[in-house]
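K.L.:
Every number in our numbering is 18 more than the matching position in the sequence shown, counting from 1.
Just so you know, even glycine gets a beta-carbon here, dropped at the ideal spot from N, CA and C.
What follows is a structure written as structure tokens; I'll ask about it next.
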Amino acid sequence: MKMRIKKSNLLFLGIVIFSICFFALLILHQSPKLPKYLEPISERTAICYNRWICVLLNDSWHRPAYDTGIDLDIAKHFPSRNESEIRELIFESDQIVFLFEENGSAVEVARAAPASYYIAYLSKRLYNRDINITGKVFLDPNFNGTVIKIFHPSPSFKEGIFLEGNTIEVKSRDYEGLRKAIGKLILIVAGYNDK
């Protein structure tokens with residue numbers, strides 16, 4: 019017994035299948051302006067994949083080559099003050115020195131590397147400016163740029179990122195705290211403000 023399918027039934031079935039596929043595509047294709055993996059920081063910056071700061075360029079989000087070295091959702095909670103002033107000080111400066119303590123170690127230098135990368139990356143991408151960034155143990159007394167002083171971790175410190183004149187002080191109790199502090203500094207540079 020052969021079944022005969024009427025052309026009208028086939029046409030109806032085709033329309034139903036096409037409609038289901040079409041509406042499924044419409045529903046799935048409707049993506050928000052900001053993809054789900056991005057958490058906005060400012061109009062042109064966002065945390066992406068928890069470890070990068072992405073920049074909006076030409077209506078498209080761009081992720082830099084290197085991550086920040088820490089989960090930025092954790093770094094957000096590191097204490098800081100004067101975020102807007104810190105950001106202005108960094109982007110108004112032509113020279114930035116990461117100043118390390120004489121009794122410090124290579125660990126501080128390695129932990130601070132992502133911050134210097136992101137300061138240079140964001141200043142170029144957001145403001146089309148080049149900033150000369152160096153690391154030193156001793157500071158020239160005639161230096162008049164911005165100083166980011168990375169203190170060797172100490173359990174006696176009050177943790178935080180503080181602004182003292184033209185110096186941004188980064189203090190932590192241990193090396194994990196230093197990682198969080200550097201992540202928070204990167205967030206501040208990208209436009210993050212504590213609420």
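Can you check the stretch 116–149 for any alpha helix (DSSP H) of at least 4 residues that lies completely inside it and give the ranges in chain order?
P.N.:
The stretch 116–149 contains these whole alpha helix (DSSP H) runs: 124–145.
K.L.:
Buried or exposed: which applies to I65, given that a residue is buried once 16 or more other Cβ atoms fall within 10 Å of its Cβ?
P.N.:
It is buried - the Cβ of I65 has at least 16 other Cβ atoms within 10 Å.
K.L.:
Looking only at its chain, what residues have a beta carbon closer than 8 Å to the beta carbon of T63, apart from the 5 residues adjacent to it on each side?
P.N.:
Hits under 8 Å: I71, C72, V73, L74, L140, L144, A208 and G209.
K.L.:
For a test of the three-state rule: what should DSSP assign to K198, helix, strand or coil?
P.N.:
Three-state result, K198: helix.
K.L.:
Does the stretch 77–97 come into contact with the stretch 152–159, if we say contact requires no fewer than three beta-carbon pairs (one atom in each stretch) closer than 8 Å?
P.N.:
No: fewer than three Cβ pairs fall under 8 Å.
K.L.:
Taking a contact to mean a Cβ-Cβ separation below 7 Å, would you say L181 touches E103 in this structure?
P.N.:
Taking 7 Å as the Cβ cut-off, L181 and E103 qualify as a contacting pair.
K.L.:
Please state whether the Cβ-Cβ distance between H170 and N121 is less than 7 Å.
P.N.:
In this structure, N121 lies closer than 7 Å to H170 by Cβ.
K.L.:
Helix, strand or coil: how does DSSP classify F175 here?
P.N.:
Three-state result, F175: coil.
K.L.:
Let me know the secondary structure DSSP gives L157 once reduced to three states.
P.N.:
The answer is coil: DSSP assigns L157 none of H, G, I, E or B.
K.L.:
Using the Cα positions of G87 and R81, report the straight-line distance between them to the nearest angstrom.
P.N.:
Straight-line Cα distance between these residues: approximately 14 Å.
K.L.:
Give the DSSP-derived three-state secondary structure of E57 in the structure shown.
P.N.:
Three-state result, E57: strand.
K.L.:
Using 7 Å as the threshold, is the C-beta distance between F118 and I168 below it?
P.N.:
Yes; because the gap between Cβ atoms is below 7 Å, this pair is in contact.
K.L.:
With distance defined between alpha-carbon atoms, name the residue in S123, A93 and E110 nearest to R147.
P.N.:
R147 has its Cα closest to that of E110, out of S123, A93 and E110.
K.L.:
Nearest by alpha-carbon distance to Y193: which of A131, Y67, S172 and I59 is it?
P.N.:
The shortest C-alpha separation from Y193 is found at S172.
K.L.:
Rounded to whole angstroms, how far is the Cβ of A130 from the Cβ of I200, which I believe are closer than 8 Å?
P.N.:
That belief holds up - the Cβ atoms of A130 and I200 are roughly 6 Å apart, short of 8 Å.
K.L.:
With DSSP run on the structure shown, which of helix, strand or coil describes H47?
P.N.:
Caution is warranted here: a pLDDT of 49 is assigned to H47, below 50, making its placement in the model unreliable, and the coordinate value is therefore given only provisionally. The answer is helix: DSSP assigns H47 an H, G or I state.
K.L.:
From the DSSP output, read off the bridge partner residues of F180.
P.N.:
Its beta-bridge partners are E187.
K.L.:
Return the first residue and the last residue of the alpha helix (DSSP H) that S10 is part of.
P.N.:
In the structure displayed, the chain extends from 19 to 213; residue 10 sits before or after that span and is not available.
K.L.:
In terms of alpha-carbon separation, which member of Y135, Y55 and F116 lies closest to D85?
P.N.:
The shortest C-alpha separation from D85 is found at Y135.
K.L.:
Can you round the beta-carbon distance between A93 and K198 to whole angstroms, since I take them to be within the 8 Å contact cut?
P.N.:
Yes, A93 and K198 are in contact; Cβ-Cβ is about 5 Å, under 8 Å.
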